[in-house]
Amino acid sequence: MSNWKLINKTYLYDGSFYGFLTIVFDSYLTKTLPQKICKKNTYLSNFLDTTIEIETNLEKAQRILNGIEKNIGSDTLYNTYYAFLSNEKNKEFNILKYLCNGFIVGPKINHNLTTSYVFKVVSMRKKTLSECHKLKGLLRFQELSNNLSYASIHPDNNILEPLGHHFIKRFASMNFVICDKNRDICFVYNTKEYKIIHSQNICIPNISEDEKKYQELWKLFFKTIFISERNNPRCQMQFMPKKYWQDLIEKP
Amino acid sequence: MFDFFVFCDIISTNVWFVVKKMDIIDKLKILADSAKYDASCSSSGSSRKNKNRGIGNGNVSGICHSWSNDGRCISLLKILFSNCCIYDCKYCINRCTNTVRRATFTPREVADLTINFYKRNYIEGLFLSSAVIKSPNYTMELLIRTISILRNEYHFNGYIHCKTIPGCSKELIDPLGKLVDRMSVNIELPSHNSLKLLAPQKEKDGILTPMTYISNGIKQNKLDKSKFKIDFVPAGQTTQLIIGATPESDLKILKLSEGLYQKLNLKRVYYSAYISINNDKNLPTLKSPPLLRENRLYQADWLLRFYGFKADELLDDSHPNFNNILDPKCDWALRHIEQFPIEINTADYLTLLRIPGIGVISAKKIIRARRSFYLDFDSLKKLGVVLKRAKYFITCKGKYFDKICKFNESFIETNLIYQERNNLKQPQFEQLSIFDSLQPTKEDKIKCLTGSL
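Going line by line, the protein sequences match chains A and B.
Quick note: the first sequence uses this note's numbering, first residue 1203, plus one each step.
Quick note: the second sequence uses this note's numbering, first residue 225, plus one each step.
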């Protein structure tokens, strides 16, 4: 990758995974690396930057997707996707370098953990996955009066889609909505298919009558299971950081 | 059909009689309270699929759903089916001579509670245990009825962990094993003598026979290649030992665990620090549960299962108990200093695992990364290997981390103990001195400064 040109430009894209893959396609084709990659809607214009808007092109993105799986391995695709969902700054640039180098060296790229961008991509994936796993447990559904289950979460990373897939596998015959309050998007599932929509398009009815009863029972269970001789709030907070407490039924 | 009444036993006379209908809130309170001393809570090892659009599935890695104020995770709805016990085990809160409120669920109540908690994602499944009502077999039948409602009527595919009642007959283990994911029989007391002393009605054979039977059942089931076979206890069996109620040494306990892992293929042995609940002449009175000892045993347990250590290596007759300051692996390494330092770039996997501070994940990372290039201390740091303890025991490209101090035992030991000092509780007393009364006062110091003394 040493003969690649660094160009003094800022790429703007629409923030979607396919939009990002389009950038990868263009960079790989022209053998150039941009100075910065930013999302269109959050970018603040700056007179030093020359910006180029990259239109999302599904065909190009699909070619890159197939290319990654064929040439660098599905492991890398997995890394790329989860790293992309993280909320780290400059994630796009690191993943771009990781992929471009990956196309040159092949599956070996994942052994090069001492290269800074490979390590960053791998650790971003790790962070995203661990938050996703944590919320698989800490998410709480509430039964609404129209027999719908509703849950709200405040995650750091954009883990709504993998989280939703976990619950589809688990509650295949249940209608549910998971709402990411930090990003205002909702995962909606109606026992057949799912959609991710903006949360403005959703109105939430009141909770059902049974719900109150089971919430009380759960709080009671939570209180009862505590052994006072072993009190250890630090340990509790380590596993269950306070930022997640707002969505819990049982407030410790 | 089992009736909806609650039994209450009058103290010391085993007369059962009906009091009144108790509501679900009271029952949950009593029966969750009695179940909380069971340490086991994991929900891992089962990959049960969501079949027939039923509810739930298993997750191989297990999921924790909450953490209570004592820092223990809550992943299963941990309750007793009943706490009306006919046994009189000295350490147990539910022994028949204790005056505690008694309650019994009905199978339907347990099933409804589990389904409704599960639907709201509060729990990963059910952990059902029970005191012995009437007889071991009668209790087992009730447990089987409860779980078959969950599995067959509600099509619940989540995780179920069920206790086997010591002394029950083999014919009841088979149907239960086909319904649940994990089974366990609690040994509780690590030797025959302790068992006789503290749990006179339980027999060693009553505990070990069902364990052996389950273990053989699992082995047989794994050999069965049929497409239509029903899994038998797919997540394996576990047990629990109480630590600190009886005088056994750490070595004896660890030996027992090792035997259980090797002979009976147990998935886990849980250690539970003894908490003084009952007063009895045969029981010790402890101010606080021996949590550090419990922690050391868990550390050693991991060394047995994932690090290729043997109980004899970690402890021997001259050191029958673990070190209070250093963890078992550090302690072992300092006693076998002749095997160190280890060269990171050439050591094999099992040798890497023997380095204090390097675990399974770090060892695998090192092996993967050194295929591409030689590792030094900086690149180890970049890999995310924690060097706090490991740096004393390794060399990278033949170099030791400290250029001035050479590799020697006393240097390492002092440094390790110095690092751990924050975790140690300092005793709150001070050295007495005959010059105490002659200590300079504030005025003396001022006078000293101004030169007027």
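Each residue gets a CB set at the ideal place from its N, CA and C atoms; glycine is no exception.
Since the model is a prediction, treat every value here as computed from it, not as a measurement.
#### Entry: Burial state of methionine 1203(A) (16 or more Cβ within 10 Å)
Here residue 1203(A) refers to the residue found at position 1 when the first sequence is read from its first residue. Per the 10 Å Cβ criterion, exposed.
### Query
Which chain B residues are close to tyrosine 1352(A), counting only those with a beta carbon under 9 Å from its beta carbon?
For the purposes of this step, residue 1352(A) is taken as the residue at position 150 of the first sequence. Within 9 Å Cβ-Cβ: nothing; tyrosine 1352(A) doesn't reach chain B, min ~11 Å.
### Query
Mind checking whether the beta-carbon of tryptophan 1447(A) lies closer than 7 Å to any heavy atom of the ligand NAP?
Ligands in the displayed structure: none, and consequently the ligand NAP is not present.
### Query
Under three-state DSSP, which class holds glycine 430(B)?
Looking up residue 430(B) in the second sequence gives position 206. The answer is helix: DSSP assigns glycine 430(B) an H, G or I state.
### Query
Can you tell me the Cα-Cα spacing of leucine 1214(A) and leucine 1279(A), whole angstroms?
Here the question's residue 1214(A) lines up with position 12 in the first sequence. Here the question's residue 1279(A) lines up with position 77 in the first sequence. So the alpha carbons of these two residues sit roughly 22 Å apart.
### Message
Rounding to the nearest angstrom, what Cα-Cα distance links arginine 332(B) and serine 450(B) in this structure?
### Response
Here residue 332(B) is taken as the residue at index 108 of the second sequence, counted from 1. Here residue 450(B) is taken as the residue at index 226 of the second sequence, counted from 1. Straight-line Cα distance between these residues: approximately 33 Å.
#### Entry: Close Cβ partners of isoleucine 1256(A) (< 6 Å) along its chain, the five nearest in sequence each way excluded
Numbered from 1 along the first sequence, position 54 holds the residue referred to as residue 1256(A). The residues are Tyr1213, Tyr1215, Thr1224 and Ile1225.
### Query
Going by Cα to Cα distance, which pick from Glu567(B), Arg319(B) and Ala614(B) is closest to lysine 621(B)?
Start at 1 with the first residue of the second sequence, and residue 621(B) comes out as number 397. Closest option to lysine 621(B), Cα to Cα, is Glu567(B).
### Query
Contact between the stretch 628-637 of chain B and the stretch 576-596 of chain B: three or more CB pairs below 8 Å?
no
### Message
If I follow the unbroken beta strand (DSSP E) through tyrosine 1220(A), where does it start and stop?
### Response
Stepping through the first sequence from its first residue, residue 1220(A) is reached at position 18. Counting along the chain, tyrosine 1220(A) falls outside any beta strand (DSSP E), though it belongs to the alpha helix (DSSP H) covering 1219-1232.
#### Entry: Terminal residues of the alpha helix (DSSP H) in which alanine 535(B) lies
Position 311 of the second sequence, counted from the start, is the residue given in the question as residue 535(B). Element bounds for alanine 535(B): 535-538.
### Query
Helix, strand or coil for glutamine 1417(A) per DSSP?
For the purposes of this step, residue 1417(A) is taken as residue 215 along the first sequence, with counting starting at 1. Note: glutamine 1417(A) maps to helix in three-state DSSP.
### Task
For tryptophan 1206(A), name the three-state secondary structure that DSSP assigns.
Taking the first sequence and counting its residues from 1, one reaches residue 1206(A) at position 4. DSSP places tryptophan 1206(A) in coil when its eight states are reduced to three.
### Query
Interface residues of chain A around asparagine 281(B) at Cβ under 8 Å?
Taking the first residue of the second sequence as 1, we reach residue 281(B) at position 57. Correct list: Lys1371 and Arg1372.
### Task
From the DSSP output, in three-state form, read off threonine 237(B) for me.
Start at 1 with the first residue of the second sequence, and residue 237(B) comes out as number 13. Summary for threonine 237(B): the model assigns pLDDT 38, below 50, so the residue's position carries little reliability; its value from the coordinates is reported in the next sentence. The answer is coil: DSSP assigns threonine 237(B) none of H, G, I, E or B.
### Task
Inspect the CB distances between the stretch 1395-1405 of chain A and the stretch 1421-1437 of chain A and report whether three or more fall short of 8 Å.
no
### Task
Pull up the distance between the alpha-carbon of asparagine 307(B) and that of alanine 571(B), whole angstroms please.
Taking the second sequence and counting its residues from 1, the one referred to as residue 307(B) is at position 83. Taking the second sequence and counting its residues from 1, the one referred to as residue 571(B) is at position 347. Each residue's alpha carbon lies about 54 Å from the other.
### CB contact check: lysine 588(B) to chain A, cutoff 8 Å
The sequence position of residue 588(B) within the second sequence is 364, counting from 1. No - not a single Cβ of chain A is within 8 Å of the one on lysine 588(B).
### Task
Check methionine 246(B) in the structure and name its three-state DSSP category.
Within the second sequence, numbered from 1, the residue matching residue 246(B) stands at position 22. It is coil, neither helix nor strand.
### Query
Is the Cβ of isoleucine 339(B) closer than 8 Å to any Cβ of chain A?
What you label residue 339(B) is simply residue 115 of the second sequence in a count that begins at 1. Not closer than 8 Å to any Cβ of chain A, the Cβ of isoleucine 339(B) fails to qualify, so no.
### Query
So, serine 415(B) versus alanine 263(B), is the Cβ gap smaller than 8 Å?
Translated into positions along the second sequence, residue 415(B) becomes position 191. Translated into positions along the second sequence, residue 263(B) becomes position 39. Not in contact: serine 415(B) and alanine 263(B) (Cβ atoms no closer than 8 Å).
### Message
Here's the rule I'm using: 16 or more other beta-carbon atoms within 10 Å means buried, otherwise exposed. How should arginine 517(B) be labelled?
### Response
For this step, residue 517(B) is matched to residue 293 along the second sequence. Looking at its Cβ environment, which holds 16 or more other Cβ atoms inside 10 Å, arginine 517(B) is buried.
### Task
Run down chain B in chain order and give the residues with a C-beta less than 8 Å from the C-beta of tryptophan 1447(A).
Here residue 1447(A) is taken as the residue at index 245 of the first sequence, counted from 1. Simply none; closest approach about 10 Å.
### Separation of serine 268(B) from valine 1390(A), as counted between CA atoms
Walking along the first sequence from the start, residue 1390(A) turns up at place 188. Walking along the second sequence from the start, residue 268(B) turns up at place 44. Answer to the nearest angstrom: the Cα atoms are 28 Å apart.
### Task
Kindly indicate which three-state DSSP category glutamate 1395(A) falls into: helix, strand or coil?
Looking up residue 1395(A) in the first sequence gives position 193. Reduced to three states, the DSSP call for glutamate 1395(A) is coil.
#### Entry: Runs of alpha helix (DSSP H) lying entirely within the stretch 412-474 of chain B, each at least 4 residues, in chain order
416-422 and 428-447
### Query
Does the separation of the CB atoms of aspartate 405(B) and arginine 272(B) fall below 8 Å?
Translated into the one-based positions of the second sequence, residue 405(B) becomes position 181. Translated into the one-based positions of the second sequence, residue 272(B) becomes position 48. Yes, they are a contact pair.
### Query
Does any CB atom of chain B fall closer than 8 Å to the CB of glycine 1275(A)?
Translated into positions along the first sequence, residue 1275(A) becomes position 73. Glycine 1275(A) does not count as touching chain B.
### Query
What do you get for proline 1443(A), buried or exposed, if any count of 16 or more other CB atoms within 10 angstroms of its CB means buried?
The residue given as residue 1443(A) occupies position 241 in the first sequence. Exposed, because fewer than 16 other Cβ atoms sit within 10 Å of the Cβ of proline 1443(A).
### Task
Residues of the stretch 1421-1453 of chain A with a CB closer than 9 Å to any CB of chain B: list them in chain order, please.
Leu1422, Phe1423, Phe1424, Lys1425, Thr1426, Ile1427, Phe1428, Ile1429, Ser1430, Glu1431, Arg1432, Asn1433, Asn1434, Pro1435, Arg1436, Cys1437, Gln1438, Met1439, Gln1440, Phe1441, Met1442, Leu1450, Ile1451 and Glu1452
### Message
For lysine 394(B), would you say it is in contact with chain A, using Cβ-to-Cβ distances shorter than 8 Å as the test?
### Response
Taking the second sequence and counting its residues from 1, one reaches residue 394(B) at position 170. Judged by the 8 Å Cβ criterion, lysine 394(B) is not in contact with chain A.
### Message
Which of the three DSSP states is assigned to leucine 677(B) in this structure?
### Response
Along the second sequence, read from residue 1 onward, the residue named residue 677(B) stands at position 453. Residue placement at leucine 677(B) is flagged as unreliable, the pLDDT there being 44, under the threshold of 50; a coordinate-derived value is accordingly withheld.
### Query
Should histidine 289(B) be labelled buried (16 or more other beta-carbon atoms within 10 Å of its own) or exposed?
By 1-based counting over the second sequence, the position of residue 289(B) is 65. So histidine 289(B) counts as buried.
### Task
Could you name each continuous beta strand (DSSP E) segment of 3 residues or more that falls completely within the stretch 1328-1400 of chain A, going from the start of the chain to the end?
1351-1355, 1377-1382, 1387-1392 and 1396-1400
### Exposure of threonine 462(B), with buried meaning 16 or more beta-carbon neighbours within 10 Å
Numbered from its first residue, the second sequence carries residue 462(B) at position 238. Classification for threonine 462(B): buried.
### Query
Between the stretch 351-366 of chain B and the stretch 253-263 of chain B, do three or more beta carbon pairs fall short of 8 Å?
yes
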